[in-house]
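Enquirer: There's a structure below that I have some questions on.
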Amino acid sequence: MSAYIKPLEIRWSDLDPNFHLRHSVYYDFGAYVRVLFLGENGLTPSFMVKHHFGPILFREECVFKKEIRMGDVITIDVQLLKTRPDFSRWTIQHYIRKNGDETAAILTVDGAWMDVLQRKLTVPPDTVKHVFEHMPKAEHFMWDK
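Per my numbering, residue 997 is the first one in the sequence shown, and the count goes up by one each step.
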């Protein structure tokens, strides 16, 4: 897959007292598009429940570049930045762009898969591997050890 980009809609409740996007909304947008991508590719919540695993995050960081205001046209993408060969640990990056191609923020998350019964990190089922193999790769994608 070459790109996965979704439009976003700014709601009144997303704004802070200065009338631009609240910082926490950027993180919500990232979670939204990650779950959407996984679900559209077969990793639905019901699949994860059935197989007793789920994603967890170790780190979530947003670098803010430009303000987003009501009326801006926003998109967000999903890119795999780094992963172990077994896809047990990964880094996903999102570019949030406004009004075309202007980068408003770069969101980066480090995560892994957890066995929800044992409450321990785990290597995911083969379905996860298939989905991550087809996730769009960042320009600076790298394999991790």
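Heads up, the beta-carbon is just placed ideally off N, CA and C, and yes, glycines get one too.
Cβ of Ile1064 within 8 angstroms of Cβ of Leu1017?
Expert: yes
Enquirer: Where does the unbroken beta strand (DSSP E) through Leu1032 begin, and where does it stop?
Expert: It is not in any beta strand (DSSP E) - Leu1032 instead sits in the alpha helix (DSSP H) that spans 1019 to 1036.
Enquirer: Along the beta strand (DSSP E) that carries His1136, what are the first and last residues, could you check?
Expert: 1133 to 1139
Enquirer: Could you name each continuous alpha helix (DSSP H) segment of 4 residues or more that falls completely within the segment 1088 to 1133, going from the start of the chain to the end?
Expert: 1122 to 1129
Enquirer: Does DSSP classify Pro1051 as helix, strand or coil?
Expert: strand
Enquirer: Identify whether Lys1002 lies in helix, strand or coil by the three-state DSSP scheme.
Expert: strand
Enquirer: Could you check which residue in Ser1009, His1019, Ser998, Trp1008 has the C-alpha nearest to that of Ala1100?
Expert: His1019
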